[in-house]
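Asker: Residue numbers (our numbering): 77 to 303.
1) Using DSSP with H/G/I as helix, E/B as strand and the rest coil, what is residue 80?
2) Tell me whether the beta-carbon of residue 207 lies closer than 8 Å to the beta-carbon of residue 115.
3) Only counting runs of 3 or more residues, tell me where the beta strand (DSSP E) segments fall wholly within the stretch 190-222, in order along the chain.
4) When the Cα atoms are used, what is the spatial distance from residue 260 to residue 204?
5) So is residue 277 buried or exposed if we call it buried at 16+ other beta carbons inside 10 Å?
6) Let me confirm a value: residue 271 is counted as buried when at least 16 other C-beta atoms fall within 10 Å, else exposed. Which label applies?
7) Below 8 Å on the Cβ atoms is my contact criterion, and I expect residue 138 with residue 180 to pass it. Report the Cβ-Cβ distance as a whole number of Å.
8) With three or more C-beta pairs closer than 8 Å as the rule, is the stretch 190-204 touching the stretch 95-113?
9) Shortest alpha-carbon distance to residue 82 belongs to which of 279, 168 and 110?
10) Which value, in whole angstroms, describes the spacing of the CA atoms of residue 266 and residue 194?
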């Protein structure tokens, strides 16, 4: 499956929450606007501060959304998988892109340029409604992220992250290094290393090379929900 043919694009649109409520003729119009882009693993797709050029829909592969401080420190916000969308905020408010997106695997993206996306939103109310619902869900997730960073300990956040990773879509997803875990948690590698060692001593996990085996998910759940 290449992901680049028109029939594959139409099938993707028919399944996607944004477009599933549209009729066939409307989805054909959306397909007319889509540009297919391929990126190799580790390619930068959009950079923090870029103009709001387009919305990106992931057809195949995995990407990471991050923020970078002026001194280069990374706060990884989330990993996204097929069917998910990024760069939506910038395209809606017209301001510079607030985060950097990097390909974690080779990816195929369906791209809707900002002008086309806005034209479709105005033309099809069911699409606009679906985007609003998704926007509200994103706001809830970021509210939870702020709560995690400000109110939860690293151990609580790491336990939750490990459980979330265990439930992520299967496939050729890259394994995580301790530095990558630290970036996801907004801390440093040494703190993650100590916390993983403590979890291992408690029999909650087993750490292998770039791989973490969960031995006691209920125990991790108790730590994640300690607050």
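No residue lacks a Cβ here, since even glycine has one placed at the ideal position from N, Cα and C.
Answerer: Looking at the atomic coordinates:
1) coil
2) no
3) none
4) When rounded, the distance between both Cα atoms is 31 Å.
5) exposed
6) buried
7) In this structure, residue 138 and residue 180 form a Cβ contact; the two beta carbons are roughly 4 Å apart against a cut-off of 8 Å.
8) These segments touch.
9) For the residues 279, 168 and 110, the minimum Cα distance to residue 82 belongs to 110.
10) 45 Å
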